[in-house]
Structures are given as C-alpha cells and as structure tokens.
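**Student:** Quick note: the sequence shown uses full-length UniProt numbering, first residue 1, plus one each step.
Sending over a structure as structure tokens; questions will come in a sec.
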Amino acid sequence: GVRRLAVIVICLSIAVIATFLRFWCKIGLKQGIHGNDWLFLRRLRIGTDHIKGLFEGSYGKEIGEIMAELAKRPSIATVRSMENFLMSLSIANTILYLTFYLAKISILLLYRRIFATPEFRKTCLVRIGIPTVYLIAAQVANLCNCIPIDLFWQRIF
Numbered sequence: 001g002v003r004r005l006a007v008i009v010i011c012l013s014i015a016v017i018a019t020f021l022r023f024w025c026k027i028g029l030k031q032g033i034h035g036n037d038w039l040f041l042r043r044l045r046i047g048t049d050h051i052k053g054l055f056e057g058s059y060g061k062e063i064g065e066i067m068a069e070l071a072k073r074p075s076i077a078t079v080r081s082m083e084n085f086l087m088s089l090s091i092a093n094t095i096l097y098l099t100f101y102l103a104k105i106s107i108l109l110l111y112r113r114i115f116a117t118p119e120f121r122k123t124c125l126v127r128i129g130i131p132t133v134y135l136i137a138a139q140v141a142n143l144c145n146c147i148p149i150d151l152f153w154q155r156i157f
C-alpha cells in the first residue's frame with residue numbers, strides 16, 4: 001500500500017540523485033564516461049522498470065490484500081488480479097537478475113580499468129564470465145519454473 005509506495009519513491013529518488021551526481025562529477029572532473037558508468041545508468045533504468053512492473057502488476061495492492069479480496073469475493077476479476085500479480089513477480093525476478101548482473105559487471109569493468117596488469121585483466125575477464133554463466137542458468141531455471149503457474153491457474157476455470 002501507501003508505506004510501500006513511500007519507500008519505493010524515497011529509494012528511487014536516492015538512486016536517481018546518486019546517478020546524476022556520479023555523471024556530473026565525471027563530466028565536471030573531465031574523467032570521461034566509461035563502460036561501467038553506462039552500465040550503472042542502464043542498471044538504474046532496469047531497476048526503475050522492475051519497481052514499476054511490480055507496482056503495476058499488483059495494481060498498487062499488497063499480496064495480502066489481493067488474497068483477502070479473493071477470499072471475500074471469489075470472482076474471475078480477482079483471480080485474474082492474482083494471476084497478474086504472480087506473473088509480474090516472475091517478470092520482476094527476471095529483471096532483478098539482470099540488475100544484479102549489471103552491477104557486478106560494472107564493478108568488474110571499473111576494477112579492470114583501474115588495475116591494468118595483464119594478470120588482473122585476465123582474472124577480471126574470468127570473473128565477468130562467472131556472473132554471465134550464472135545469469136544464463138538463472139534465466140533458464142526461471143523460465144522452466146514459470147511453466148507450472150500457467151497450468152495451475154488454467155485448471156481453476
């Protein structure tokens with residue numbers, strides 16, 4: 001409800017301000033904007049979409065409110081609302097994996113730029129590969145996990 005919206009707005013505002021300050025300092029100090037900065041900006045955009053999808057998927061309601069409404073008045077609309085909420089959770093989970101991945105890659109690219117020894121650069125490439133493999137595995141597992149949801153909800157009607 002309202003408390004969740006307030007927390008989301010405050011956290012999102014802090015993230016936007018921090019990103020703005022990061023780019024402002026980079027431009028002001030003439031350090032140049034590198035790949036890790038663009039990934040940071042992309043992560044903010046994806047995180048914002050994640051929050052928006054969760055909020056719109058639940059129509060601004062908590063899961064408890066949807067369940068209570070479903071128990072009081074079981075109708076097709078409330079079941080669709082619950083189904084929409086569960087689907088938005090699944091999509092949000094996918095977006096969340098991507099957000100974490102971009103954060104890890106952004107940090108590793110920053111380290112790769114700062115510490116320019118050949119051994120460390122190779123180590124960073126390997127460490128970039130590990131989250132990439134994890135992201136692919138997590139997405140495949142997430143997609144396989146979503147198949148039973150559709151079958152479960154279609155049995156109701």
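The beta-carbon is built from N, C-alpha and C at its ideal position, and this holds for glycine as well.
Being a predicted model, the structure only gives us computed values, none of them experimental.
Is there contact here, the region 85-102 with the region 20-38, by at least three beta-carbon pairs under 8 Å?
**Tutor:** With a cut-off of 8 Å, the region 20-38 and the region 85-102 do not count as touching, because too few Cβ pairs lie within range.
**Student:** So the candidates are R113, I105, S88, K30; which of them puts its Cα closest to the Cα of L135?
**Tutor:** Residue I105 is the option with its Cα nearest to L135.
**Student:** Would a C-beta distance cut-off of 8 Å place L108 and I128 closer than the cut-off?
**Tutor:** Closer than 8 Å, so yes.
**Student:** Expressed to the nearest angstrom, what Euclidean distance is found between the alpha-carbon atoms of N84 and V140?
**Tutor:** If you take the alpha carbons of N84 and V140, they lie about 21 Å apart.
**Student:** Check each candidate in A18, F20, K26, K52 and name the one with the smallest Cα separation from I91.
**Tutor:** Measuring from the Cα of I91, the nearest candidate turns out to be K52.
**Student:** What is the DSSP secondary structure of I33, reduced to helix, strand or coil?
**Tutor:** Reduced to three states, the DSSP call for I33 is coil.
**Student:** If you run the structure through DSSP and keep just helix, strand and coil, what is A116?
**Tutor:** In this structure, A116 counts as coil in the three-state DSSP scheme.
**Student:** So, using beta-carbon positions, are L102 and I46 closer together than 8 Å?
**Tutor:** Closer than 8 Å, so yes.
**Student:** Quick check on L44: buried or exposed, where buried means 16 or more other Cβ atoms within 10 Å of its Cβ?
**Tutor:** Buried, because 16 or more other Cβ atoms sit within 10 Å of the Cβ of L44.
**Student:** Return helix, strand or coil for S13, following the three-state DSSP convention.
**Tutor:** In this structure, S13 counts as helix in the three-state DSSP scheme.
**Student:** In this structure, how does DSSP classify A18 when only helix, strand and coil are distinguished?
**Tutor:** Residue state, collapsed to three classes: helix.
**Student:** Taking the alpha-carbon positions, what's the K122 to L110 distance?
**Tutor:** In a straight line, the C-alpha of K122 is about 14 Å away from that of L110.
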